[in-house]
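Student: Take a look at this one; I'll ask things after.
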Amino acid sequence: MFRASLMSLVAVAVLAGCSSNSGSSSKAPEAAVANNDGRCQASGAEFAVGKQATPALVEQARKASGSQMAHALGPNDVMTMDYRSERLNLHTNAQGVVISVNCG
Numbered sequence: 008m009f010r011a012s013l014m015s016l017v018a019v020a021v022l023a024g025c026s027s028n029s030g031s032s033s034k035a036p037e038a039a040v041a042n043n044d045g046r047c048q049a050s051g052a053e054f055a056v057g058k059q060a061t062p063a064l065v066e067q068a069r070k071a072s073g074s075q076m077a078h079a080l081g082p083n084d085v086m087t088m089d090y091r092s093e094r095l096n097l098h099t100n101a102q103g104v105v106i107s108v109n110c111g
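Right, here's the structure in full:
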């Protein structure tokens with residue numbers, strides 16, 4: 008339960024604190040998908056697989072997928088069953104390493 012709360016807090020912090028892009032030295036692909044109206048395209052975030060799910064990585068993956076929101080989900084985290092086309096999900100293993108990405 009603590010891990011789920013921590014991951015939720017990280018997701019909120021990422022979404023709230025990352026409105027500026029100046030000074031970014033990111034090596035991740037920044038090719039945000041054009042003309043997708045904020046809908047997620049998970050293929051843009053596949054670079055995150057195999058990396059530690061940090062707030063910075065979640066934000067980079069969000070931008071690269073063209074999504075309006077993104078969050079990391081651990082193996083025991085509670086998640087809603089609603090599908091949201093503008094949300095990117097980064098699924099992690101118990102060590103916090105991204106094992107898959109999908110939209111919803």
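Those letters in the sequence shown? Residues 8 to 111, per the numbering used here, in order.
Don't be surprised by glycine CBs; every beta carbon is placed ideally from N, CA and C.
1) Between the C-alpha atoms of GLY81 and PHE54, what's the straight-line distance to the nearest angstrom?
2) For the beta strand (DSSP E) containing GLN104, list its first residue and its last residue.
3) Report the residue from ASN109, GLN48, VAL105 and ALA49 whose alpha carbon sits nearest the alpha carbon of PRO62.
4) Can you give me the start and stop residues for the beta strand (DSSP E) that ALA63 sits inside?
5) Got a sec, what are the start and stop residues for the beta strand (DSSP E) LEU77 sits in?
6) Please name the residue, chosen from ASN100, ARG91, ASN109 and LEU97, that lies closest to ASP44 on a Cα-to-Cα basis.
7) For GLU93, which option in LYS70, SER107, GLN59 and ASP84 has the closest C-alpha, if you only look at C-alpha atoms?
8) With a 10 Å radius around its C-beta and 16 neighbouring C-beta atoms as the bar for buried, classify ASN109 as buried or exposed.
Tutor: Answer, in terms of the structure:
1) Position 74 of the sequence shown, counting from 1, holds the residue named residue 81. Position 47 of the sequence shown, counting from 1, holds the residue named residue 54. Rounded to whole angstroms, GLY81 to PHE54 spans 18 Å at the Cα level.
2) Taking the sequence shown and counting its residues from 1, one reaches residue 104 at position 97. This sequence places Val at residue 104; Gln is not what is there. Segment: none, VAL104 is in no beta strand (DSSP E) and carries neither H nor E.
3) Numbered from 1 along the sequence shown, position 55 holds the residue referred to as residue 62. Selection ASN109, GLN48, VAL105 and ALA49 evaluated against PRO62 yields VAL105 as nearest (Cα-Cα).
4) Residue numbering aside, residue 63 sits at position 56 when the sequence shown is read from its first letter. It is not in any beta strand (DSSP E) - ALA63 instead sits in the alpha helix (DSSP H) that spans 62-72.
5) Within the sequence shown, the letter at position 70 stands for residue 77. Position check: residue 77 holds Ala in this sequence, whereas Leu was assumed. Looking at the DSSP string, the run of the beta strand (DSSP E) that includes ALA77 is 76-80.
6) Counting from one through the sequence shown, the residue named residue 44 turns up at place 37. Comparing Cα-Cα distances from ASP44 to each of ASN100, ARG91, ASN109 and LEU97, the minimum goes to ARG91.
7) On the sequence shown, residue 93 is found 86 positions in, with the first residue counted as 1. When each option's Cα is compared against that of GLU93, the closest is LYS70.
8) The count along the sequence shown starts at 1 and reaches residue 109 at position 102. Exposed, since its Cβ has fewer than 16 Cβ neighbours within 10 Å.
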